[in-house]
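Throughout, this note's numbering is defined as the position within the sequence shown, counted from one, plus 23.
All C-beta atoms in this analysis are idealised placements derived from N, C-alpha and C, irrespective of residue type, glycine included.
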Amino acid sequence: MSKRELIDAILQVNRSAAPEFLARFKETDLQAYLERVVAVTPRHRDTFRPTIDAAQQLLVA
């Protein structure tokens, strides 16, 4: 995934993250953060599931 794609995926899961802040990090760091935030985000069916599914699909791509 490109840096922009990683930032977009992170923003789908962590909507409070600032894109400008995330842009300061290397792609490897963003990938690690995305994996972590997806792993620790609750899987509430109505609230978070669609967002997590979208992020996980991006991780696999």
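Check: Any heavy atom of the ligand GTP within a distance shorter than 7 Å of the CB on F44?
Finding: The ligand content of the structure shown is nil, which means the ligand GTP is not present either.
Next item on the list: Could you tell me if A41 is buried or exposed, where buried requires 16 or more neighbouring beta carbons within 10 angstroms of its beta carbon?
Entry: It counts as exposed.
Note to self: Determine whether the beta carbon atoms of L53 and L29 lie at a separation below 8 Å.
What the structure shows: Yes, these two residues count as a Cβ contact at 8 Å.
Check: What's the gap between the Cα of F48 and the Cα of P65?
Finding: Just so you know, the alpha carbons of F48 and P65 end up roughly 25 Å apart.
Next item on the list: To the nearest angstrom, report how far apart A32 and V63 are at their CA atoms.
Entry: Answer to the nearest angstrom: the Cα atoms are 15 Å apart.
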